[in-house]
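**Q** All residue numbers for the sequence shown refer to full-length UniProt numbering, where the first residue is 1 and numbers rise by one.
Quick reminder that beta carbons are idealized off the backbone N, C-alpha and C, glycines included.
Quantities reported herein were computed from a predicted structural model and do not represent experimental measurements.
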Amino acid sequence: MTSGLDKLVAIAAVAETFQRLIPIQERRRWRYLAGLWEQTLLRDLVWSPEHSGVLPARPPYRAPSWSWASVDCHVTVVAAPASFQKATTLVVHDVHVEPQSWDARFGAIVEARLTVTGMTKDISDCLVTAGGINMSFVDPDTKFMGILGLDASEPGGSSVSVTLLQVEGFKGSSDSYEMILVLRSTGRPSEYRRIGSFFPNKREIHRWSEWDASFTKRTIEII
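(1) Does the distance from the CB of residue 97 to the CB of residue 109 come in under 7 Å?
(2) Rank 94, 67, 214 and 181 by C-alpha distance to the C-alpha of residue 140 and give the top, closest one.
(3) Could you work out which residue in 28, 78, 163 and 134 is closest to residue 156 when comparing CA atoms only?
(4) Can you name the residues that DSSP bridges to residue 86?
(5) Determine whether the beta carbon atoms of residue 158 and residue 55 lie at a separation below 7 Å.
(6) According to DSSP, is residue 16 part of a helix, a strand, or is it coil?
(7) The alpha helix (DSSP H) that contains residue 7, what's its start and end?
(8) What does the alpha-carbon distance come out to for the pair residue 171 and residue 101?
(9) Using the C-alpha atoms, what's the distance from residue 14 back to residue 117?
(10) Runs of 3 residues minimum, wholly inside the stretch 59 to 111: which ones carry the beta strand (DSSP E) assignment?
(11) For the stretch 128 to 179, list the beta strand (DSSP E) runs that are entirely contained and at least 3 residues long, ordered along the chain.
(12) Between residue 30 and residue 47, is the Cβ-Cβ spacing less than 7 Å?
(13) In angstroms, rounded to a whole number, what distance separates the CA positions of residue 33 and residue 123?
(14) Can you tell me the Cα-Cα spacing of residue 130 and residue 17, whole angstroms?
(15) What first and last residue would you give for the alpha helix (DSSP H) that runs through residue 211?
(16) With a Cβ-Cβ cutoff of 7 Å, do residue 221 and residue 115 count as a contact?
(17) Using 8 Å for Cβ pairs, my map puts residue 52 next to residue 62. What's the rounded Cβ distance?
(18) Apart from the five residues just before and just after residue 75, which ones in its own chain have a Cβ nearer than 8 Å to its Cβ?
(19) In three-state terms, what does DSSP make of residue 40?
(20) Taking DSSP as the reference, what is the three-state secondary structure of residue 24?
(21) Measuring only the C-alpha atoms, how far is residue 175 from residue 200?
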């Protein structure tokens, strides 16, 4: 692969072959969405970058911010233990993906939009750490302090306002986890871009129920 812009093009043949292996009666549920699959979309959304202390800057547009193809680094998908029970789930209303060519719908795309309803929380004045790979914040409601992981480097020392979006929650016998995306407003009403992720263990958060109750349900669009 000579350019990051070729990411989706490079795996197009693999994705198309995979879809052909799915029984015809089930293919409608396995729509290909800029490197993700509709059938497993919620799990696919909770990827995070793998890095050794350095993250590349956000590259020119080639995929929606909610796709791993939008960043120039290796990624991993976070999964809860199989024994855990699903507790909360994001509701996906619509996913629109426009390819550069409908004859090559597994390849490069022009734009993509994800419309969802979920529990959200606005956090102002998140401070980007010196290395530009994390943001620290203090929740004004519960005074909880946390670290948010970024998908691409941001200028260290800058202050950013973000919105947290709960994607999935899981409960075990003694532990509970939330899988949360970190979003930034585009300036348009209810429109956001993904900029990071947050996977807190509820045991590590003092007064978790109070913090969780401060989230509010909203319908938003992620590009």
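**A** Looking at the coordinates:
(1) Yes. Within cutoff.
(2) Ranking the options by Cα distance to residue 140, first place goes to 214.
(3) It is 134 whose Cα lies nearest to the Cα of residue 156.
(4) As DSSP reads the structure, residue 86 sits in a beta bridge with 170.
(5) Cβ distance not < 7 Å, so residue 158 and residue 55 don't count as in contact.
(6) Residue 16 carries a helical assignment under DSSP once its states are collapsed to helix, strand and coil.
(7) Looking at the DSSP string, the run of the alpha helix (DSSP H) that includes residue 7 is 7 to 10.
(8) Each residue's alpha carbon lies about 43 Å from the other.
(9) The C-alpha of residue 14 is placed about 31 Å away from the C-alpha of residue 117.
(10) Here the runs fully enclosed are 75 to 77, 85 to 89 and 91 to 99.
(11) Residue ranges of uninterrupted beta strand (DSSP E) with 3 or more members, entirely inside the stretch 128 to 179 and ordered along the chain, are 134 to 138, 145 to 150 and 159 to 171.
(12) Judged by beta-carbon spacing, residue 47 lies beyond the 7 Å limit of residue 30, meaning their Cβ atoms are not closer than that value.
(13) Whole-angstrom Cα-Cα distance: 29 Å.
(14) Roughly 43 Å separates the two Cα atoms.
(15) Looking at the DSSP string, the run of the alpha helix (DSSP H) that includes residue 211 is 208 to 213.
(16) Residue 115 sits close to residue 221, with the two beta carbons spaced by under 7 Å.
(17) About 24 Å separates the two Cβ atoms, so there is no contact after all.
(18) Cβ within range, chain order: 47, 48, 49, 50 and 68.
(19) DSSP, reduced to helix, strand and coil, places residue 40 within a helical segment of the structure shown.
(20) In the structure shown, residue 24 sits in a helix (DSSP, three-state: H, G or I).
(21) Residue 175 and residue 200 have their alpha carbons spaced roughly 11 Å apart.
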